[in-house]
Amino acid sequence: MLSALAALAVVGADIALWRYGSWALPIAALLIAIGTLFVLNMSYAYFVESGAKRKFAKLFGQYVPPELVEEMSRNPESYSMTGRRAELTVLFCDVLGFTAIAETLEPEQLALLMNEYLGTMTAAIRQQRGTLDKHMGDAIMAFWGAPVDDSEHARHAVTAALDMRTALVELNRTLEARGWPTLSIGIGINTGPMTVGDMGSAVRKAYTVLGDAVNVAARLEGLTRHYKVDVIVGEATRERVSAVVFREIDRVRVAGALRRSRCSSR
């Protein structure tokens, strides 16, 4: 814009000088110089913008799927890794009897199994706009509603859990064909207020969630073994996902909670 205005000013000045004083500026050289400055300015802006997008992708790309990173990069000032309080939905997933399974495989086989399993489960989470918090051995933690706001975070989390269950059936066929042990999983989901943000030490930080609602989800995952089901959701999650039919399995007081809450399976 400034380059265009400068070019117009030069042309105007040249016309005026020629008309009133019979003088002529070296307009071609000046316009070439202005054009060069314009190109340099646009190139600089492009590289600055590209650098900002790369930095943004580096910050969030390890947590959210590429399409969400692209969506966020259009308005990066709206997103921050600073801690904040929000209602979100969190999911914990664990392989049942993993220690016994690991003992039956060679190290190379175990590594391949884990890569395939974690890759399959993570893909299901990302397909539903989930934020991957971390892998902890065979365990997976993910949440919905941050960094991108999602009014349907509970529904997306439940859908992801059902997709994970379906994907595991196909993965188990592959494992069975190799003569390897098949996998069973337990998933706990809960919705509630929690703190989300970049947390950790100077050596390593992670974009994660903390709070009682998070602890409840982890404990619900542990209850899948007791009730012999693969998915348990908390009361708040069930209330926000009316389109899915759940089966109430008990009213339990999760360790640390003051009252009994309904937990349901699908």
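Heads up, the sequence shown is in full-length UniProt numbering, so the first residue is 1 and it goes up one at a time.
Glycine is no exception: its CB is placed at the ideal position from the N, C-alpha and C atoms.
These numbers were taken from a predicted model, which means no experiment stands behind them.
Rounded C-beta distance between Thr237 and Asp230? I'm assuming under 8 Å. Reading the sequence shown from its first residue, position 237 is the one you call residue 237. Reading the sequence shown from its first residue, position 230 is the one you call residue 230. In fact, because the Cβ distance is near 15 Å, the residues do not count as touching under 8 Å.
Classify Asn215 as helix, strand or coil using the three-state DSSP reduction. For this step, residue 215 is matched to residue 215 along the sequence shown. Here Asn215 sits in helix by DSSP.
Which word fits Met136, buried or exposed, when buried means at least 16 other C-beta atoms lie within 10 angstroms of its C-beta? The residue given as residue 136 occupies position 136 in the sequence shown. By the neighbour-count rule (16 or more Cβ atoms within 10 Å), Met136 is not buried but exposed.
4 or more residues per run - each alpha helix (DSSP H) lying fully within the region 60 to 92: 66 to 73
What would DSSP say about Ser264, mapped onto helix, strand or coil? Counting from one through the sequence shown, the residue named residue 264 turns up at place 264. Three-state DSSP puts Ser264 in a strand.
Let me know the secondary structure DSSP gives Val229 once reduced to three states. Position 229 of the sequence shown, counting from 1, holds the residue named residue 229. Correct three-state label for Val229: coil.
When the Cα atoms are used, what is the spatial distance from Asn190 to Gly179? Stepping through the sequence shown from its first residue, residue 190 is reached at position 190. Stepping through the sequence shown from its first residue, residue 179 is reached at position 179. Computed Cα separation, rounded: 36 Å.
If the criterion is Cβ atoms closer than 8 Å, does the pair Asp133 and Ala139 meet it? One-based indexing of the sequence shown puts residue 133 at position 133. One-based indexing of the sequence shown puts residue 139 at position 139. Result no, Cβ atoms of Asp133 and Ala139 do not sit closer than 8 Å.
Could you have a look at Thr195 and say whether DSSP puts it in helix, strand or coil? Here residue 195 refers to the residue found at position 195 of the sequence shown. Three-state DSSP puts Thr195 in a strand.
Candidates Val148, Thr122 and Ser73, of which the one nearest Leu162 by Cα: Looking up residue 162 in the sequence shown gives position 162. The candidate whose alpha carbon is nearest that of Leu162 is Thr122.
Leu220 beta carbon less than 8 Å from that of residue 276: Nothing can be reported for residue 276, as the shown portion of the chain is limited to 1 through 266.
Using 10 angstroms around the beta-carbon of Ser201, count the other beta-carbons present and answer buried if the total reaches 16, otherwise exposed. In the sequence shown, the residue the question calls residue 201 occupies position 201. Ser201 is exposed by the Cβ-count criterion.
In terms of alpha-carbon separation, which member of Ala160, Arg84, Pro193 and Ala217 lies closest to Pro147? Here the question's residue 147 lines up with position 147 in the sequence shown. Pro147 has its Cα closest to that of Arg84, out of Ala160, Arg84, Pro193 and Ala217.
Buried or exposed: which applies to Leu17, given that a residue is buried once 16 or more other Cβ atoms fall within 10 Å of its Cβ? Start at 1 with the first residue of the sequence shown, and residue 17 comes out as number 17. For Leu17, the predicted model reports a pLDDT of 46, less than 50, meaning its position is unreliable; a value from the coordinates is still stated below. The residue in question, Leu17, is exposed, as its Cβ has fewer than 16 Cβ neighbours within 10 Å.
Using only alpha-carbon positions, find the residue among Leu183, Gly188 and Arg262 that is nearest to Ala157. For the purposes of this step, residue 157 is taken as residue 157 along the sequence shown, with counting starting at 1. The shortest C-alpha separation from Ala157 is found at Gly188.
Alpha helix (DSSP H) runs wholly inside the UniProt domain "Guanylate cyclase" (89 to 221), at least 4 long, in chain order: 98 to 103, 107 to 127 and 153 to 178
Is Arg238 helix, strand or coil when you go by DSSP? The residue given as residue 238 occupies position 238 in the sequence shown. In this structure, Arg238 counts as helix in the three-state DSSP scheme.
How many angstroms separate the CA atom of Tyr63 from the CA atom of Ala100? Within the sequence shown, the letter at position 63 stands for residue 63. Within the sequence shown, the letter at position 100 stands for residue 100. Approximately 30 Å between the Cα atoms of the pair.
Taking the C-alpha atoms as reference points, what is the distance between Ser73 and Thr174? The residue given as residue 73 occupies position 73 in the sequence shown. The residue given as residue 174 occupies position 174 in the sequence shown. Each residue's Cα considered, the two are about 38 Å apart.
Would Ala167 and Ala124 be called neighbours here (beta carbons separated by less than 8 Å)? Mapped onto the sequence shown, residue 167 falls at position 167. Mapped onto the sequence shown, residue 124 falls at position 124. Going by C-beta atoms, Ala167 is nearer than 8 Å to Ala124.
Which residues does DSSP pair with Thr252 in a beta bridge? Taking the first residue of the sequence shown as 1, we reach residue 252 at position 252. A quick correction: the sequence has Val, not Thr, at residue 252. In the DSSP output, where bridge partners are listed per residue, Val252 has Ser261.
Cβ neighbour criterion (16 or more within 10 Å) applied to Ser264: By 1-based counting over the sequence shown, the position of residue 264 is 264. Flag for Ser264 reads buried.
Would Pro193 be called buried (16 or more neighbouring beta carbons within 10 Å of its own) or exposed? Looking up residue 193 in the sequence shown gives position 193. Pro193 is exposed by the Cβ-count criterion.
Alpha carbon to alpha carbon, how far is Pro76 from Leu96? For the purposes of this step, residue 76 is taken as residue 76 along the sequence shown, with counting starting at 1. For the purposes of this step, residue 96 is taken as residue 96 along the sequence shown, with counting starting at 1. Those two C-alpha atoms are separated by around 40 Å.
Take Ala86 as the anchor and find which of Glu70, Thr195 and Val244 has the nearest alpha-carbon. The count along the sequence shown starts at 1 and reaches residue 86 at position 86. Of Glu70, Thr195 and Val244, the residue nearest in Cα terms is Thr195.
Cβ shell of Thr208 (< 6 Å), same chain only, five flanking positions each side left out: Taking the first residue of the sequence shown as 1, we reach residue 208 at position 208. Closer than 6 Å at Cβ, skipping near neighbours: Asp133 and Met199.
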